[in-house]
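These notes are about the structure you will find just below.
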Amino acid sequence: MRLVVTKMNLGLWAAAYVKEKIHAFRPTAEKPFVMGLPTGGTVMDFYANLRLFYKEHLLDFRHIVTFNMDEYVGLPADHPQSYRSYMRQNLFSQVNIPPENTHLLNSQAANLPLECAQYEKAIRQAGGIDLFVGGVGRNGHIAFNEPGSSFTSRTRPVRLAPATIQANSRFFLNDVHRVPTLALTVGIDTILQARELLFLVSGSAKAEAVAQLGRPGVSENCPLTALKWHPHATLLADPAACALLKGPIRKNLDDCMQAQPDAPHWMLHLPKETLWTTF
Ligand code: GLP
């Protein structure tokens, strides 16, 4: 797993990275580039920059297939805070992606476990996910996999943690009672099956979750640590999100920053001793 720390706009960094990946892949109708996509505040700039690249003819979405990672249960699809609305507003209505190439979990389905199983099937039929872009919750959740989620979990209905309801109430007039308590989410294993992962994290409110990466091994109490199990995972962070990192990873990061203080970003692989638990 790689940690990339930058003072640049994370959204611009991520969009530029994704653009390069798509160009290198050379997607066609027969071989589309399959992406997993996130929602949330952190990735708004990511979508803004993807839209900009499209407008400037630097990115073509014709042969991109997308699978969103999660959706609230209990909001009508056209509710302004549904992730379906979010994706329409922030990306789908503004680029040339064919609507049939976009997939979101349908939380209005009569049989939610069946909807989840069909979503997994659709991902498989698309040939798996080439690049999963994600965000991180303050409590370390990835998608809506809350602390305690199994690392072998697949797409399923979940109950949201009180901390997530509190954090996301800012999108619901700061009223926790308006935030859905249930959601559908891809599982941690669904995410780990993607060929590459790029997760974005910013701000001091997430520093405690990022600090878990500096501890040895992984923990289901912090789903973010599952990224350590992936051979091509990158966590893109700003310095504030890394403020509480300790141990060898802190030292490596400080060394990188001191060696090249003006670098646009600092990139390091997680030290071996943080990847595995030592007995
Ligand atoms: C929600 C989403 C997550 C996302 C998280 C971070 O809870 N379900 O997929 O990673 O928000 O959101 P933000 O960037 O707004 O902090």
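If you're matching positions, the sequence shown starts at -6 in this note's numbering and goes up one per residue. Ideal Cβ positions, reconstructed from N, Cα and C, are used throughout, including at glycine. Note that this is a predicted model, so its numbers are computed, not measured.
Assuming residue i contacts residue j under a Cβ cut-off of 8 Å, what Cβ separation, rounded to an integer in Å, is found between them?
i: Arg195; j: Leu(-4); result: Per the sequence shown, residue 195 should be read as Ser rather than Arg. Not really, about 13 Å apart at Cβ, beyond 8 Å.
i: Lys239; j: Ala204; result: 7 Å
i: Thr174; j: Arg152; result: 6 Å
i: Thr285; j: Tyr112; result: An answer regarding residue 285 cannot be provided, because it is not within the stretch -6 to 272 covered by the chain.
i: Ile116; j: Ile90; result: About 17 Å; that fails the 8 Å criterion.
i: Met(-6); j: Leu263; result: 5 Å
Starting from residue i, trace the beta strand (DSSP E) both ways and give me its first and last residue.
i: Lys250; result: Correcting the residue identity first, residue 250 is Met in this sequence and not Lys. Counting along the chain, Met250 falls outside any beta strand (DSSP E), though it belongs to the alpha helix (DSSP H) covering 241 to 252.
i: Arg152; result: 149 to 152
i: Glu64; result: 63 to 66
i: Val126; result: 124 to 128
i: Leu190; result: 190 to 194
Between the beta-carbon of residue i and the beta-carbon of residue j, is there less than 8 Å?
i: Leu97; j: Tyr76; result: yes
i: Ile181; j: Ile135; result: yes
i: Ala230; j: Val(-2); result: yes
i: Pro224; j: Thr267; result: no
i: Ser197; j: Ala236; result: yes
i: Pro254; j: Lys0; result: no
i: Met62; j: Leu124; result: no
i: Tyr47; j: Phe39; result: no
i: Pro216; j: Gly133; result: yes
i: Leu45; j: Lys12; result: no
i: Ala202; j: Val129; result: yes
Taking only heavy atoms of the ligand GLP into account, decide whether any of them is closer than 7 Å to the Cβ of residue i.
i: Val36; result: yes
i: Phe125; result: no
i: Asp231; result: no
i: Val169; result: no
i: Thr32; result: yes
i: Asp63; result: yes
i: Val129; result: yes
i: Thr59; result: no
i: Ala219; result: no
i: Phe137; result: yes
i: Thr267; result: no
Return the first residue and the last residue of the alpha helix (DSSP H) that residue i is part of.
i: Pro155; result: 155 to 161
i: Met37; result: 37 to 48
i: Asn83; result: 76 to 83
i: Asp182; result: 181 to 185
i: Leu18; result: The sequence given here has Phe at residue 18, not Leu. Taken as a continuous stretch (DSSP letters only), the alpha helix (DSSP H) holding Phe18 covers 3 to 18.
i: Leu97; result: No alpha helix (DSSP H) contains Leu97, which DSSP labels as neither H nor E.
i: Val203; result: 200 to 204
i: Thr267; result: 265 to 268
Does any C-beta atom of chain B lie closer than 8 Å to the C-beta of residue i?
i: Ser86; result: The question asks about chain B, but that chain is absent: this structure has only one protein chain.
Does any heavy atom of the ligand FAD sit closer than 7 Å to the C-beta of residue i?
i: Phe39; result: In the structure on display, the ligand FAD does not appear, and the ligands it does have are the ligand GLP.
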